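Chemist: Structure in structure tokens, see below.
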């Protein structure tokens with residue numbers, strides 16, 4: 019573990035410049051540039067809000083604003099977008115970058131670090147744009163918003179841990195790369211983001227406790243929508259899970275690095 023941290027520090031300039039270049043290259047010939055990073059999730063919010071806001075606005079407890087559903091939806095999507103982007107990028111990372119891993123001598127742990135860097139920048143820009151929309155809709159913020167910093171770090175650790183595990187397995191079993199996007203799509207709909215948790219029948223609601231993204235989405239919604247601190251027990255649960263998963267993934271990555279190069 020200490021060796022990985024040392025490598026990340028020694029190659030920090032490479033990681034930072036690569037994270038920036040990845041964002042620049044992705045929209046190099048686009049007239050809107052990085053604006054496309056924001057258009058997609060905001061378009062999703064607009065579509066869901068137009069279709070479902072009248073149906074669900076009355077079922078959001080504690081929200082009186084007519085824009086309450088849109089704000090609730092954006093808060094959940096902010097968490098889900100960071101999670102799904104990091105997980106999906108790590109899923110095919112080693113397969114896509116195999117040519118670079120074979121030709122250039124650098125610590126392979128830098129690749130997921132670059133993914134994390136670029137997606138954190140993307141998520142921050144998305145948050146800024148959403149915050150501007152919140153203010154236009156008359157939704158105000160408080161110091162409780164500072165909870166988003168540890169929540170983002172924990173969510174990043176969870177997504178990176180899961181993404182690395184899946185990325186390593188995908189090198190050896192390519193079916194994983196085909197199955198995971200389908201599973202993530204189902205996972206999204208089993209997480210109360212588009213709909214509030216109170217519309218789920220009580221008999222099934224306890225099952226949500228086994229969904230880590232439910233706790234992350236709920237924590238983001240508590241902070242952004244209601245201006246309340248997230249549930250401390252939920253934070254302990256998802257925090258412990260994120261750290262454990264990250265350590266497991268780094269151990270698996272370290273043990274499998276040489277075998278991955280043979281397969282790739």
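In our numbering, the protein residues as written are 19 to 282.
For glycine and all other residues, C-beta sits at the position ideal for the given N, C-alpha and C.
In this text, all values refer to a predicted model and were calculated from it rather than measured experimentally.
1) Please report the residue range of the alpha helix (DSSP H) in which residue 158 lies.
2) Quick one: grab the DSSP three-state call for residue 126.
3) On the CB-based measure, 16 or more other CB atoms within 10 Å of its CB, does residue 107 come out buried or exposed?
4) Answer with buried or exposed for residue 90, where buried requires no fewer than 16 other C-beta atoms within 10 angstroms of its C-beta.
5) Out of 26, 57, 262, state which residue places its alpha-carbon closest to the alpha-carbon of residue 134.
6) So, are the CB atoms of residue 241 and residue 138 less than 8 Å apart?
7) In terms of residues, what are the limits of the alpha helix (DSSP H) holding residue 212?
8) Identify the continuous alpha helix (DSSP H) that holds residue 251 and give its terminal residues.
9) With a threshold of 8 Å on Cβ separation, who are the neighbours of residue 194 within its own chain once the five nearest residues in sequence on each side are excluded?
10) Would residue 98 pass as a contact of residue 190 if the rule is Cβ separation under 8 Å?
11) Beta-carbon separation of residue 230 and residue 176 under 8 Å?
12) What are the boundary residues of the alpha helix (DSSP H) that residue 188 is part of?
13) Once DSSP output is grouped into helix, strand and coil, what is the label at residue 142?
14) Would residue 295 be called buried (16 or more neighbouring beta carbons within 10 Å of its own) or exposed?
15) Start and end of the alpha helix (DSSP H) containing residue 115?
16) In the structure shown, what three-state DSSP assignment does residue 230 receive?
17) Report back the beta-carbon spacing between residue 174 and residue 104 to the nearest angstrom; my notes put them in contact at under 8 Å.
18) Checking 8 Å against the spacing of the C-beta atoms, do residue 86 and residue 160 come in under that value?
19) So residue 267 and residue 132 are supposed to be a Cβ contact under 8 Å. How far apart are they, rounded?
20) What's the C-alpha gap between residue 127 and residue 236?
21) Under a three-way DSSP split, which group does residue 218 fall into?
22) On a CA-only basis, which of 182, 169, 221, 276 is nearest residue 129? Give me that one, please.
Modeler: Here's the rundown:
1) Here residue 158 belongs to no alpha helix (DSSP H), and DSSP marks it neither H nor E.
2) coil
3) Buried, by the Cβ-count rule.
4) buried
5) Answer by Cα proximity: 26.
6) no
7) Premise fails: residue 212 is in no alpha helix (DSSP H) and is neither H nor E.
8) 250–281 is the extent of the alpha helix (DSSP H) around residue 251.
9) 109, 184, 187, 188
10) no
11) yes
12) 166–190
13) helix
14) Because residue 295 is not part of the residues shown, which for the chain are 19 to 282, the question remains open.
15) No alpha helix (DSSP H) holds residue 115; DSSP gives it neither H nor E.
16) helix
17) 7 Å
18) When the beta-carbon positions are compared, residue 86 and residue 160 stay at least 8 Å from each other.
19) The pair is not a contact, with the Cβ atoms about 16 Å apart (cut-off 8 Å).
20) A straight line joining the alpha-carbon of residue 127 with that of residue 236 spans about 31 Å.
21) coil
22) With distances taken between Cα atoms, residue 129 lies closest to 182.
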